[in-house]
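For the protein sequence lines, the chains are A and B, in the order given.
In this text, residue positions in the first sequence follow the working numbering: the first is 8, and each later residue adds one.
In this text, residue positions in the second sequence follow the working numbering: the first is 106, and each later residue adds one.
Every residue, glycine too, gets a C-beta built ideally from N, C-alpha and C.
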Amino acid sequence: MPSFLGPLLHDLAERYRFLDHELAGLQLPPEAEECRKRIHHLVQRGKRQIDRVLLDPDMNRRGFARNFYHSYKRLSELAQGVDEGPLLVFSRFRESDRFLTRVIAKMCRDSAFPHEAPVCAAMSSQYYWTVPGMDLVLVPHADATHLLGWPDLYHELAHFLVSRDERILLRPLRRRLRDYFKRAISEAGRNGWSPPAIADLRRYRDLWLDDWIVEFVCDWFATFVAGPSFGWTNLRLCARVSTDVFDVFETHPSDAARTLAIQVMLESLGFGSEASEITGRWNEMLRTAGASEPQFFKAAYPEALMRDLSDEAGRLFGVLGIKRYTSSSGTLPDLLNEAWRRLHSDGASFSAWERDRLSQLDGEL
Amino acid sequence: MSDISALSHDYESSAKLAEELNEAILIIKKARLHGTPDLPQDQRKKIASTVRNIRLQLDPEGQNLQEEFVPPEIASRLTERHGQQLAYFLEDLHKAEVALAEEASPLDEKAIEVLDEICDAADATASAVFRRMRRR
Numbered sequence: 008m009p010s011f012l013g014p015l016l017h018d019l020a021e022r023y024r025f026l027d028h029e030l031a032g033l034q035l036p037p038e039a040e041e042c043r044k045r046i047h048h049l050v051q052r053g054k055r056q057i058d059r060v061l062l063d064p065d066m067n068r069r070g071f072a073r074n075f076y077h078s079y080k081r082l083s084e085l086a087q088g089v090d091e092g093p094l095l096v097f098s099r100f101r102e103s104d105r106f107l108t109r110v111i112a113k114m115c116r117d118s119a120f121p122h123e124a125p126v127c128a129a130m131s132s133q134y135y136w137t138v139p140g141m142d143l144v145l146v147p148h149a150d151a152t153h154l155l156g157w158p159d160l161y162h163e164l165a166h167f168l169v170s171r172d173e174r175i176l177l178r179p180l181r182r183r184l185r186d187y188f189k190r191a192i193s194e195a196g197r198n199g200w201s202p203p204a205i206a207d208l209r210r211y212r213d214l215w216l217d218d219w220i221v222e223f224v225c226d227w228f229a230t231f232v233a234g235p236s237f238g239w240t241n242l243r244l245c246a247r248v249s250t251d252v253f254d255v256f257e258t259h260p261s262d263a264a265r266t267l268a269i270q271v272m273l274e275s276l277g278f279g280s281e282a283s284e285i286t287g288r289w290n291e292m293l294r295t296a297g298a299s300e301p302q303f304f305k306a307a308y309p310e311a312l313m314r315d316l317s318d319e320a321g322r323l324f325g326v327l328g329i330k331r332y333t334s335s336s337g338t339l340p341d342l343l344n345e346a347w348r349r350l351h352s353d354g355a356s357f358s359a360w361e362r363d364r365l366s367q368l369d370g371e372l
Numbered sequence: 106m107s108d109i110s111a112l113s114h115d116y117e118s119s120a121k122l123a124e125e126l127n128e129a130i131l132i133i134k135k136a137r138l139h140g141t142p143d144l145p146q147d148q149r150k151k152i153a154s155t156v157r158n159i160r161l162q163l164d165p166e167g168q169n170l171q172e173e174f175v176p177p178e179i180a181s182r183l184t185e186r187h188g189q190q191l192a193y194f195l196e197d198l199h200k201a202e203v204a205l206a207e208e209a210s211p212l213d214e215k216a217i218e219v220l221d222e223i224c225d226a227a228d229a230t231a232s233a234v235f236r237r238m239r240r241r
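In structure tokens, the structure reads:
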């Protein structure tokens with residue numbers, strides 16, 4: 008056994024014993040119990056893997072050391088992920104988390120979401136985020152008692168979808184992206200674009216193929232299921248935190264591009280007038296902030312490509328059996344759209360209405 | 106909405122690839138050393154397809170033929186490592202892919218070395234993303 012790895016494996020085995028013991032001893036409400044069982048199962052499997060590695064007669068062989076080291080790293084990451092994610096949440100699980108977990112379960116039922124509902128907890132310091140492998144969604148503390156951010160829960164749910172149905176969802180979309188950029192790059196060459204401009208196109212293609220397509224699919228899913236409410240929540244988030252809505256980030260497309268993506272999905276779902284209303288407010292925000300579209304924007308986010316991908320994404324959600332938003336009463340998307348209408352029509356009385364609806368919802372779920 | 110969701114997705118993709126390859130390499134090495142059962146056919150085909158997709162991603166002419174997406178950070182680590190010698194590495198990848206695709210063909214040292222190298226790149230990517238999720 009390589010001298011540095013042996014003791015570390017014993018230390019990790021102890022860490023797994025601790026996680027196993029903690030997870031076995033937790034008393035959780037039924038909403039979180041299934042998730043606890045799944046995570047506990049993952050931990051027990053990890054524990055067995057370490058035991059196997061510790062007993063492996065080839066551990067001392069030189070040609071195997073690096074592979075056992077890789078196994079150690081993955082198992083370490085899993086232990087840390089469980090400790091910092093689900094175990095932290097489960098050990099502090101409160102009534103507000105229980106309520107949010109019921110909310111997200113209803114969202115899954117309403118939209119015929121094809122996977123188990125995750126646990127949702129109001130203890131995030133990073134807005135909304137998800138760890139798909141741990142069945143966990145985290146939201147800010149205040150969002151357990153405020154409705155207007157909830158459409159973002161659909162975006163987070165979609166991260167589970169792209170992680171578990173990657174072949175159904177991402178493969179056909181990536182194929183379209185490759186075809187589009189292949190044509191665009193060859194056309195740019197024929198039209199005498201400069202080498203740096205063509206290099207930029209290649210860079211946009213790579214960013215699209217990597218993280219951007221994932222974020223766009225999540226936005227399209229949220230729009231598909233929650234309708235215009237997601238467009239309003241996106242506008243609110245951009246108004247709150249954007250420094251430059253046209254900025255290009257590696258992990259996320261620019262806020263302006265995401266707003267365009269939501270708009271094209273809303274239009275294709277038949278919510279053209281709501282899309283125009285949101286775009287109108289968006290443009291007003293841009294004027295207020297003094298932001299204007301940079302030259303590269305249309306090359307990085309061509310509208311024709313957005314429309315093609317958005318249509319295809321909608322078709323693929325249908326293939327997965329997901330229900331698109333229609334204004335039918337009794338569903339959460341309906342409540343969220345009503346919330347945004349109320350805020351716009353009578354902002355002053357909104358919070359009283361919201362408290363009332365949340366209390367009613369708590370009784371219903 | 107926050108970067109963590111995107112990074113979680115990146116982590117899962119590279120960690121899954123690293124784990125699949127590592128598990129396969131351990132089976133192959135043990136089979137060569139002890140004569141224990143070799144990699145099952147379905148797993149062998151899957152690894153052949155992974156090698157093919159990596160080769161196509163590294164080859165500027167092949168990118169449009171890719172069937173499965175390979176996290177680009179894995180590809181860039183391999184490209185950086187081989188620099189001017191990339192054409193030779195592409196050839197090694199192709200040979201490993203052919204050997205894996207042929208049911209009865211035993212894998213030679215070179216093919217295992219190629220698999221180990223891809224596994225190193227996937228491992229380094231998974232570790233880097235995992236760290237990025239926590240120390241930004």
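**Prompt:** Which first and last residues belong to the beta strand (DSSP E) in which A/L143 is found?
**Reply:** For A/L143, the uninterrupted beta strand (DSSP E) segment begins and ends at L143 to P147.
query: Is B/V203 helix, strand or coil when you go by DSSP?
result: Residue state, collapsed to three classes: helix.
Rounding to the nearest angstrom, what Cα-Cα distance links B/S113 and A/R43 in this structure? Between the alpha carbons of B/S113 and A/R43 lies a gap of roughly 20 Å.
Q. Which residues mark the beginning and the end of the alpha helix (DSSP H) in which A/M114 is found?
A. Counting along the chain, the alpha helix (DSSP H) containing A/M114 begins and ends at E102 to S118.
Whole runs of the alpha helix (DSSP H) within the stretch 233-257 of chain A, excluding any shorter than 4 residues = Runs of the alpha helix (DSSP H) inside the stretch 233-257 of chain A: 235-248.
Original post:
With burial defined as no fewer than 16 other Cβ atoms inside 10 Å of the residue's Cβ, what is the status of A/G300: buried or exposed?
Top reply: The identity of residue 300 of chain A in the sequence shown is Glu, whereas the question assumes Gly. Note on A/E300: under 16 other CB atoms within 10 angstroms of its CB, so exposed under the neighbour-count rule.
Under 8 Å between beta-carbons, which chain A residues line up against B/N291? List them in chain order, please. With chain B represented from 106 up to 241, any question about residue 291 of chain B goes unanswered, as that position is not in the structure.
- Task: Can you tell me which of B/D197, B/D108 and B/I109 puts its alpha carbon nearest to the alpha carbon of B/D164?
- Result: For the residues B/D197, B/D108 and B/I109, the minimum Cα distance to B/D164 belongs to B/D197.
Q.
As a quick exercise: from A/T338, A/L145 and A/P158, pick the residue whose alpha carbon is nearest that of A/P235.
A. Among A/T338, A/L145 and A/P158, the Cα nearest to that of A/P235 belongs to A/P158.
- Item | A/A128 - partner residues in DSSP beta bridges | A/A128 pairs with A/L145.
Query raised in the report: What residues in its chain sit with their C-beta under 7 Å from that of A/D172, if we drop five residues either side in the sequence?
Result: L327, listed in sequence order.
Rounded to whole angstroms, what's the CA-CA distance from B/V203 to B/I152? Just pull it up for me. If you take the alpha carbons of B/V203 and B/I152, they lie about 11 Å apart.
Q. Measuring CB to CB, does A/Y23 end up less than 8 Å from A/V60?
A. No; because the gap between Cβ atoms is not below 8 Å, this pair is not in contact.
### Residues bridged to A/V138 (per DSSP)
According to DSSP, A/V138 bridges with A/L143.
What separation, rounded to the nearest whole angstrom, lies between the Cα atoms of A/D117 and A/S249? C-alpha separation (whole angstroms): 31 Å.
### Message
Using beta carbons (cut-off 8 Å, strictly below), is A/H259 in contact with chain B?
### Response
For A/H259, the closest Cβ of chain B is nearer than 8 Å.
Check: Which term fits A/F48, buried or exposed, when burial requires 16 or more other beta carbons within 10 angstroms of its beta carbon?
Finding: Per the sequence shown, the amino acid found at residue 48 of chain A is His instead of Phe. By the 10 Å Cβ count, A/H48 comes out exposed.
Spatial neighbours of B/E208 within its chain, please: C-beta separation below 8 Å, excluding the five flanking residues on both sides. If we look at B/E208 and ignore the five residues flanking it on each side, its Cβ neighbours are Q146 and R149.
Selected residue, minimal CA-CA separation from A/V138, among A/D63, A/L62, A/L12 and A/L94
Residue A/L94 is the option with its Cα nearest to A/V138.
**Item:** Neighbourhood of A/S339 by C-beta distance below 6 Å, restricted to the same chain and skipping five residues each side
**Value:** Note that residue 339 of chain A corresponds to Leu in the displayed sequence, not to Ser. Within its own chain, the residues whose Cβ lies closer than 6 Å to the Cβ of A/L339, once the five positions on either side in sequence are excluded, are K113, M114 and D117, listed in chain order.
Next item on the list: For B/A123, go through chain A and note every residue whose CB falls closer than 9 Å to its CB, in chain order.
Entry: Going along chain A in sequence order, the residues near B/A123 (Cβ under 9 Å) are H77, K80 and R81.
Handout entry: Range covered by the alpha helix (DSSP H) that runs through A/E291
Key = Bounds of the alpha helix (DSSP H) holding A/E291 are G279 to A296.
| message | Please state the DSSP three-state secondary structure of A/S334. | response | Coil at A/S334, not helix or strand.
* What's the C-alpha gap between A/G156 and A/P14? -> Near 47 Å, if we compare the C-alpha coordinates of A/P14 and A/G156.
Quiz prompt | Residue burial classification, A/A355 (beta-carbon count within 10 angstroms, cutoff 16) | solution = So A/A355 ends up on the exposed side.
- Message: I'd like to know if B/K134 contacts chain A, where contact means its C-beta is closer than 8 Å to some C-beta of that chain.
- Response: The beta carbon of B/K134 falls within 8 Å of a beta carbon belonging to chain A, placing the residue at that interface.
Next on the checklist: Assuming the contact rule is C-beta atoms closer than 8 Å, A/D104 and B/P177 should be a hit. Round their C-beta distance to whole Å, please.
Outcome noted: 36 Å between Cβ atoms; not a contact.
*Among A/R109, A/A204 and A/L143, which residue has its Cα nearest to the Cα of A/R386?*
Examination of residue 386 of chain A is not possible in this model, given that chain A is present from 8 through 372 alone.
- Message: For the stretch 269-276 of chain A against the stretch 114-123 of chain B, do three or more pairs of beta-carbon atoms, one drawn from each stretch, fall closer than 8 Å, so that the two count as touching?
- Response: Output reads no: the stretch 114-123 of chain B does not touch the stretch 269-276 of chain A.
Please state whether DSSP places A/A311 in a helix, a strand or coil.
-> Of the three classes helix, strand and coil, the one that applies to A/A311 here is helix, per DSSP.
**Prompt:** Going by the beta-carbon positions, is the gap between A/D226 and A/H122 smaller than 8 Å?
**Reply:** Not in contact: A/D226 and A/H122 (Cβ atoms no closer than 8 Å).
Q. Is DSSP giving A/L33 helix, strand or coil here?
A. Judged by DSSP in its simplified three-state form, A/L33 adopts coil rather than helix or strand.
Just the chain B side, please: which residues come within less than 7 Å of A/T338 by C-beta, in chain order? Going along chain B, no residue has its Cβ under 7 Å from A/T338, so there is no contact; the nearest lies around 22 Å.
According to the Cβ coordinates, are A/F256 and A/A298 closer than 8 Å? Contact: no.
Report task. Within its chain, find whatever has a CB closer than 6 Å to the CB of A/F167; leave out the 5 residues flanking it on each side and keep chain order. Result -> Cβ contact annotation for A/F167 (same chain, cutoff 6 Å, sequence separation greater than five): H122 and P139, in chain order.
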